[in-house]
Amino acid sequence: MLASKLCQCFNVSQVVYTEDIFDNAKVTRSENITSKEYSIASMELMEIYSQNHNRDIKKYILSLDRHNYYMMNIIDYLVGNTDRHWGNWGVLVKNSNNKPVSLHKLMDFNQSFYSYDTLEGANCQTTFGVKKNQKEAAEEAVKRIGMNQISEIKKEWFSNLPQFYDMFLKRYEYLKNVNYQKI
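Okay, structure coming up:
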């Protein structure tokens, strides 16, 4: 829940998670991101398709949805998400013509705050084969599109997980000091 709340402070397409009760147990609830009109294709499928059609997948993804690609790297770094493998991100596809329209909403934050012992974070899994850690990927993203923060982050949100506040603040402050270069 904390990662979702932090994500909502930034301009990024995302699945919003909320607390709910089901069968007398606390659960996390979210919207369904697929429908009769739209489905999702994982990055795994997109990479295979691109290889078979001689398409540069990085150029294609950046032309399709540059903003949300870079925001994904910023958010994953800030929350220490270690689970953004090629099955946990991909594209939203319009079913009527089988064409991608954008990256699908950011989802699956259940492995957040697992790489939170260093400022660098984990190896970034979304850099199309280029070896970078999460800090390097997020820094590149901020240089290209800025932070895109839309609301304030509050310390009290960390009241149930206070051990993560200091590292979050270090990462957040680090990115705030990266110069947006619009490259």
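Following numbering that gives the first Met the number 0, the numbering of the sequence shown begins with 0 at its first residue and continues without gaps. Glycine residues also receive a C-beta, built at the ideal position from the N, C-alpha and C atoms. This one's a predicted model, so the numbers in the text were calculated from it and none came from an experiment.
Next on the checklist: Suppose you measure from the CA of residue 157 to the CA of residue 95; what does that come to, to the nearest Å?
Outcome noted: Taking the sequence shown and counting its residues from 1, the one referred to as residue 157 is at position 158. Taking the sequence shown and counting its residues from 1, the one referred to as residue 95 is at position 96. Those two C-alpha atoms are separated by around 43 Å.
Checklist entry - Contact check, residue 27 vs residue 0 under 8 Å by CB: the rounded distance? => result Within the sequence shown, numbered from 1, the residue matching residue 27 stands at position 28. Within the sequence shown, numbered from 1, the residue matching residue 0 stands at position 1. Confirmed, Cβ separation roughly 6 Å.
Next on the checklist: Ignoring anything shorter than 3 residues, give me the beta strand (DSSP E) runs that lie fully in the segment 8 to 63, in order along the chain.
Outcome noted: 16 to 21, 24 to 29 and 37 to 41
Checklist entry - Among 120, 43 and 64, which one has its Cα closest to the Cα of residue 173? => result For the purposes of this step, residue 173 is taken as residue 174 along the sequence shown, with counting starting at 1. Minimum Cα distance to residue 173 is reached at 120.
Next on the checklist: Could you give the first and the last residue of the continuous beta strand (DSSP E) run that contains residue 98?
Outcome noted: If you number the sequence shown from 1, residue 98 lands on position 99. 98 to 102 is the extent of the beta strand (DSSP E) around residue 98.
Checklist entry - Where does residue 141 land, buried or exposed, given buried means 16+ other C-beta within 10 angstroms? => result Taking the sequence shown and counting its residues from 1, the one referred to as residue 141 is at position 142. Buried, since its Cβ has 16 or more Cβ neighbours within 10 Å.
Next on the checklist: Does the segment 70 to 81 come into contact with the segment 131 to 141, if we say contact requires no fewer than three beta-carbon pairs (one atom in each stretch) closer than 8 Å?
Outcome noted: yes
Item to check | Sub-9 Å separation of residue 56 and residue 70 beta-carbons | outcome: Position 57 of the sequence shown, counted from the start, is the residue given in the question as residue 56. Position 71 of the sequence shown, counted from the start, is the residue given in the question as residue 70. Taking 9 Å as the cut-off, the Cβ atoms of residue 56 and residue 70 do not count as close.
Next on the checklist: I'd like the list of long-range same chain contacts for residue 145, defined as Cβ closer than 7 Å, with 5 residues on each side in sequence excluded.
Outcome noted: As a working note, residue 145 is residue 146 in the sequence shown. Once the five neighbours on either side are set aside, the close Cβ partners of residue 145 are 179.
Checklist entry - DSSP state of residue 131, grouped into three classes? => result Position 132 of the sequence shown, counting from 1, holds the residue named residue 131. Note: residue 131 maps to coil in three-state DSSP.
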